[in-house]
Structures are given as C-alpha cells and as structure tokens.
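Peer 1: One structure follows; several queries about it will come next.
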Amino acid sequence: MALLDVENLTLGFYSEKNKKWSKVLNDINFSLNKNEFLGIVGESGSGKTILANSILNLIPKQGKIISGSVLFKDKDILKFSEDQVRKVRGKDIAIIFQDPMSSLHPLLTVKDQIVETLQAHRLIKKSDAVEIAMNLLKDVKIDRPELVLNKYPFMLSGGIRQRVMIAIAISCAPEIVIADEPTTALDVTVQKDILALIKGFKKNLSFSFILVSHDLGVIWENTDRVVVMYCGRIMESGRTEDVLRNPLHPYTFGLLSSIPRRTGNKLEILKGIRGNIPSLHDFPENICPFLPRCDFATEKCNGPIFLERVDKDRTVACFNKGAFI
Amino acid sequence: MLFQTENICKTFYKRNFFRLKDSGLEALRDINISIQDRDIIGIVGETGSGKSTLGRIFVGLENPSKGLLLYNNKNIFDLNKKEFREFQRSTSFIFQDPYSSFNPKMKVLDILLEPLILGGIERDKRRNIIDEIVEDVGLKSDDLGKFPYQFSGGQRQRIAIARSLILKPKFLVADEPVSSLDLSIKAQILKLFEGIYRKNDLTMIIISHDLSIIEYLCNKSVVLYKGLIMEEAFTEKLFSNPLHPYTKLLIESAPTLYSNRAEDIESEVVESPLDLNKTILRLCPFLERCKLKLDKCGESFPEIIEVETNHKVRCHRYG
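As you go down the protein sequences, you meet chains A and B in turn. So for the first sequence, my numbering puts the first residue at 11; every next one is plus one. So for the second sequence, my numbering puts the first residue at 216; every next one is plus one.
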C-alpha cells in the first residue's frame, strides 16, 4: 500500500498567446512507498517543480487541475479545503524549496521561523518550542546552534541556510519530505554534506523522500526509484539502477550520454541531445514530446503516446523502447 | 609564454563612514601562473575562493593590489592607453550569467555589431564577419533580428560566445560558462567550446566549480582555496593523482554515475559563524577541514612546492 499515489494528474496553464490551456503536467502517474527515496529528474522546464508543488496543492493562480488526484493515505489532497491542506503542509508532508535564499523569511530570525512552524502544528509553549528548535539545529549538524538561532537568514551561508530549511522541514516529524533541488546552488562539498544529512535522517526518523534534481549523479547516489520527466510527462520510471544503467527511453539515454564519460584517461561526451526543450506553451499534446529531438523516431511516434508498464516496477513511454541498444 | 603572473594579490576594502579603509578582504594571495600559447587552463574552487576575481584580472577588468601580470613579457598595468586598448582587443571574456550580460534593448545583430564598431572594423566587412560567427556558434541568421529575452539559456550562451569571439581574440576567459545550463545543453556548449578552440588560434581560461567541465576541456588545472593556489598540474595528472587533501575532497564530493551507491557517509558538523574570508597566515588555510593534517600544519604556513615537474602543491605533507 503506497503512502502517496499520484493518479492521472493533469495540470493546465492558460496561455494568453495561444488562447488555450496547455498541459504543464500531462497524465502523471507514480506512487511513493513508505521509507522510499524517489528521485524526479529532468531538464529545467520539464515540470519537475510544478509536480513537487502540486503534491502539496500549491498551484499557481494561472494553473488549473484538469484531472487526476494526489492520494495521501487514500485522501485526495487536491480536493481538500485550504484549511485542511494547511494541516497537512509542514506536518505530514514537508517541502524544502529550491532557493534557500528566498524561501526563508528575511525579516524573521531563524528561531522565529522554526518556532512558527512548531506552534502552527502543535500546542506547545514558546519556551519549549525554542528548546526543540535548538535541538533541531543540533540535529542538522550545526555547531553552536545558539549563535544561529538569533541570526537573520542573510547573515548565514548557503549551506547553513539550507540546513535551517531542513530543520524546519523535519520539525514536525513529517511522513514525506519533498526536496526541490535542495543543493543546486551549493558547492559540491556542501552538497555532499547536505545529502548525507538527509540520508542520515531517513535512517533515524523513517520518512519517505522525494528528491527533485537535474543532476543525474545526485539522483544516482541518493535514490531508490526514479521518475524521468520531459515536457510535463513521465518518460520513464523504475528502480534507479535499472533506469540509469539500462535506459529504455531515448531521452534518458540522451541525458546519460550528455555527461562527460571517462574512456581510458580522458573524459568524452559521447553523444548528447540536439535542440532545446520547448517552452511550456508549446508542449505537444498528442504526439511524443521528445520527437523533434529524438534520433530514433519512426512514423509511429506521431501518434498519441502512453506510459506502458514493461516490468513489475518499470514504465516507459516510447514506441521504440531501447532502439539505441 | 603568453601570460605570466608574478605574486598577484588582490584585496578588497570597504570604506566606513569616515572614508577609512577597513582591514580588507584578501581575495587573492601570491598567484603565480604561467600560461603558454594554446593552453586551456582550468581554474576550480568553491564559492568565494577567488576564481572570478582572478579571471577578471587576466583581462584587465580588475587591478591587482600587488604583483605583475606579464603579457608577452610586458606588465599590462604599465601599458599606456593605446597599448592597453590593443591588449584588450586581443582578449575577451564570457560572463557567468547569460541572462544579465546582454543589454535587453539591443537586438542580437546590434550586440554583435558593437564590438566590431569599437574594434574599428570597416563597415562593409562587418556583415560577413557576423554571418560567419553566427554559423560557427550554431545560431540561425534570422536570430539576428531577435532580442535576448527571446532565447533560451543555451542560445544566449551561444550569443555570448559569438560576441566574445567576433574580434578573433587570442585569449579568452570564460567564467562559469555552462553552470546555469541544462545537462543536454551543457554538453552542446562544451562541444562548441572544443570546436572553437580547434578552429581558432586561442588560449583559454575556463573558470568553473564543476570538476568534470575542467577535466573535459582543460589541459592544465589550478585549484584555488581562499585565494591561494593549492595545487597546480596537468589536468590528467591532477585527476589521476591528486595530492592535496582539498583537491581530493573536491573530487570525492562530486556526484557521479559511477560511484558505489551503498556507501553511507556521515555528514560533517559545520561551524556556525562561517567566516570564509579570514585567512590566518600562520597556519595552513585548509587546516580546519583537513582530514589528513599533521602536527606541523598548525604551526607554519605551507609554501607551494613543486613535487614533480609541473605538479605543484601547497601542503605540508609533501614538504
């Protein structure tokens, strides 16, 4: 029984230019089990962030759910009232946003921000909340947390800010943590620490984790299962080892071949992908979105495409699966 | 030898209310690099290590506080105005952010025309040069009538490359040329860099925090930390046999598709008031983060030593 089930989720944005709804998320289906690390990978503009946000019903004003549901413990979050969703956000499902610079409140100290979350979801005294906040900062491996507590976000380095974000996210012992590019703006050394930290929490606190990233290396090292997205659709999903070692979709294959690979003593880029991702108002509706950039396309690819199950835990949306092998 | 730097230092000062300088922020200390013709030098380091400042000094955008920058054996900061103009014409710079380095009100054609006008190219030759460069970087000729906002990040980076190469410079500095781009676009731009290097008589400096880019493009690499050169070697040597613990840490930290997934690493405890800019000159600057420190690391400041030919490292373990 999955903890979170996203079923046929389709989200539209109204495009003034084309005078119609364009589908930013198109028929998304995936599930998240308890204690699982799920990765969502894709290029920018492929709808990863929108997907992560719509799990918490954080849908921008111009967006509209066209169909589908997000079932958390068999209840559809998308049908919740605003009050009901507020109870879930931060408590059962927490999110770590992309940019630690702009997702912390610039006018509140770190202490205020952690206490705010705690008091919103639990009945506790402020002094107790401060103590919990202190312990949380200790948990995220900040030395001398009392110094950080009274600081404003701009006084902290990116790594510490992201640690504070994690502290806020885990403060109410959530069942699902969503991290949207948690380490993109950080140095590799800091990135490694942050990811090790999250992994450490997974062991102790046992939550499920959704990691949104464009970095295949990060996905490879940290997730159990992966969903590959392109143009608002899932191209391929399955266990990380299977998908990244034996890709079946030409897009996954193209992404992998874009990474400099070591052959002998030198790094080489084998192939790569030509062209660009279309902007979201030009997402193709009924044909394979990857068609204009695909080297393995056939005539069939002009028809409507669906995600097919090829294995127990593996789905691919392609007519010519593994054509490149 | 095209470029030679001698003990370049750069300190940034803030002035207080009474216009008095503060103690200053040392961005670079004692940088000695020599660049041969046709080299591609990679400068790698974390945020705040002084990579960009060094790159800006190389093209004369920033004056060093101390030290010499010799270009064809002449210090460029002693040149007169005319000679400096000439030097600037033979160098070029690609900025970090393809989103903010264009004038949003200029069309691509005007963006590319500007350096030609400033470079004193005759009017009737300009169009040919533009057409040629546009093809070289993989843009279409009808892109010339568009504004920068109409392009994606990768296309903008192509425009930036076209603009920087249009006067056929001998020397090019690219500051994080692909860091804001997607994986597939990154691969395209890296291949473009390779192509333009092969086609033109170019010497390049690539500044990046991403080790795989440095390893892919550069033949020599310099590792910077807190404004100091920590290690310098041919790229192949540096990546196959890194000597400095910092270089090792950087290489280990980079996520790859080939690492062992099972390993669990403990996260490091960070000190809360991180003060990256304070360099203590009595001891090794990397001391607090070093896992392989010796007793003498806390006692004296390590000098840079040539361990093997062309492999220099600043570490007490090799002293």
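Glycine included, C-beta positions come from ideal geometry on N, C-alpha and C.
Using a Cβ-Cβ cut-off of 6 Å (strictly less than) and excluding sequence neighbours within five positions of Gly257 (chain B), which residues of its own chain qualify?
Peer 2: Ile421, Ile429, Cys433, Ser436
Peer 1: In chain order, what residues of the same chain lie with their CB nearer than 6 Å to the CB of Glu46 (chain A), ignoring the 5 residues before and after it?
Peer 2: Beyond the five residues adjoining it in sequence on each side, Glu46 (chain A) comes within less than 6 Å, by CB distance, of Ser218, Asp234 in the same chain, given in chain order.
Peer 1: Please tell me whether Ser267 (chain A) has its Cβ less than 9 Å away from any Cβ of chain B.
Peer 2: yes
Peer 1: Going by C-alpha distance, which of B:Lys506, B:Leu396, B:Ser468, B:Thr462 is nearest Asp312 (chain B)?
Peer 2: B:Leu396
Peer 1: With a threshold of 9 Å between beta-carbons, can Lys202 (chain A) be considered close to chain B, or not?
Peer 2: yes
Peer 1: To the nearest angstrom, how far is it from the Cα of Ile65 (chain A) to the Cα of Ile87 (chain A)?
Peer 2: 8 Å
Peer 1: Using DSSP with H/G/I as helix, E/B as strand and the rest coil, what is Met245 (chain A)?
Peer 2: strand
Peer 1: Roughly how many angstroms lie between the CA atoms of Lys33 (chain A) and Val320 (chain A), to the nearest whole one?
Peer 2: Answer to the nearest angstrom: the Cα atoms are 25 Å apart.
Peer 1: Is Ser487 (chain B) close to chain A? Criterion is C-beta to C-beta, closer than 9 Å.
Peer 2: For Ser487 (chain B), the pLDDT reaches just 45, beneath the cut-off of 50, and the residue's location in the model is therefore unreliable, although a value from the coordinates is still provided. Yes - at least one Cβ of chain A is within 9 Å of the one on Ser487 (chain B).
Peer 1: As a quick exercise: from A:Val51, A:Ile50, A:Asn214, A:Lys202, pick the residue whose alpha carbon is nearest that of Asp149 (chain A).
Peer 2: A:Asn214
Peer 1: Given a limit of 9 Å on CB to CB distance, which residues of the segment 100-119 of chain A reach chain B?
Peer 2: For the segment 100-119 of chain A, which is checked against every Cβ of chain B, not one residue is closer than 9 Å.
Peer 1: Can you check the segment 320-379 of chain B for any alpha helix (DSSP H) of at least 4 residues that lies completely inside it and give the ranges in chain order?
Peer 2: 323-333, 338-351
Peer 1: Give the straight-line distance between the Cα atoms of Phe273 (chain B) and Arg255 (chain A), rounded to the nearest whole angstrom.
Peer 2: 43 Å
Peer 1: To which residues does DSSP link Thr273 (chain A) through a beta bridge?
Peer 2: A:Lys276
Peer 1: Quick check: the segment 246-261 of chain A against the segment 64-80 of chain A, are at least 3 beta-carbon pairs closer than 8 Å?
Peer 2: no
Peer 1: Mark Thr273 (chain A) as exposed unless 16 or more other C-beta atoms lie within 10 angstroms of its C-beta, in which case mark it buried.
Peer 2: exposed
Peer 1: Output, in chain order, the set of chain B residues within a Cβ distance shorter than 8 Å of Leu254 (chain A).
Peer 2: Leu472
Peer 1: Taking 8 Å as the cut-off, does the segment 89-97 of chain A touch the segment 295-304 of chain A (at least 3 CB pairs, one atom from each stretch)?
Peer 2: Verdict: no, contact absent.
Peer 1: Nearest CA to the CA of Leu35 (chain A): which residue from A:Lys71, A:Leu21, A:Leu221?
Peer 2: A:Leu21
Peer 1: For the segment 346-357 of chain B, which residues have a beta carbon sitting closer than 9 Å to at least one beta carbon of chain A?
Peer 2: none
Peer 1: So what's Asp490 (chain B) in DSSP terms, helix, strand or just coil?
Peer 2: With a pLDDT of only 48 at Asp490 (chain B), under 50, the local geometry of the prediction cannot be trusted, and no value is derived from it.
Peer 1: Would you mind stating whether Gly264 (chain A) and Gly282 (chain A) have Cβ atoms separated by less than 9 Å?
Peer 2: yes
Peer 1: With a threshold of 9 Å between beta-carbons, can Gly242 (chain A) be considered close to chain B, or not?
Peer 2: With its beta carbon at least 9 Å from every one in chain B, Gly242 (chain A) lies outside the interface.
Peer 1: Nearest to Pro155 (chain A) by alpha carbon, out of A:Thr262, A:Ile124, A:Gly52, A:Lys209?
Peer 2: A:Ile124
Peer 1: Taking only beta-carbon atoms, is Leu405 (chain B) less than 9 Å away from chain A?
Peer 2: yes
Peer 1: Could you check if Glu318 (chain A) is buried or exposed, using at least 16 other CB atoms within 10 Å of its CB as the buried criterion?
Peer 2: exposed
Peer 1: If you draw a straight line from the C-alpha of Lys121 (chain A) to the C-alpha of Asp102 (chain A), how long is it?
Peer 2: 21 Å
Peer 1: Check whether the Cβ atoms of Tyr314 (chain B) and Glu278 (chain A) lie closer than 9 Å to each other.
Peer 2: no
Peer 1: Under DSSP, the beta strand (DSSP E) around Ser394 (chain B) begins and ends at which residues?
Peer 2: No beta strand (DSSP E) holds Ser394 (chain B); DSSP gives it neither H nor E.
Peer 1: So, at 7 Å on beta carbons, what are the nonlocal neighbours of Gly353 (chain B) in its own chain, with the 5 sequence-adjacent residues on each side left out?
Peer 2: Arg373, Leu407
Peer 1: Go ahead and pull the three-state DSSP assignment for Gln403 (chain B).
Peer 2: helix
Peer 1: Which of the three DSSP states is assigned to Val167 (chain A) in this structure?
Peer 2: The question names Val, but residue 167 (chain A) is Ser in the sequence shown. Correct three-state label for Ser167 (chain A): coil.
Peer 1: Which residues in chain B have a C-beta closer than 7 Å to the C-beta of Ser54 (chain A)? List them in chain order.
Peer 2: Listed along the chain, the chain B residues whose CB falls inside 7 Å of the CB of Ser54 (chain A) are Asp397.
Peer 1: Please name the residue in A:Pro257, A:Leu290, A:Ile269 whose C-alpha comes closest to that of Ile335 (chain A).
Peer 2: A:Pro257
Peer 1: Do the segment 265-285 of chain B and the segment 322-331 of chain B make contact, defined as three or more Cβ pairs closer than 8 Å?
Peer 2: no
Peer 1: Answer yes or no: do Ile269 (chain A) and Ser427 (chain B) have a C-beta to C-beta separation smaller than 9 Å?
Peer 2: Yes, they are a contact pair.
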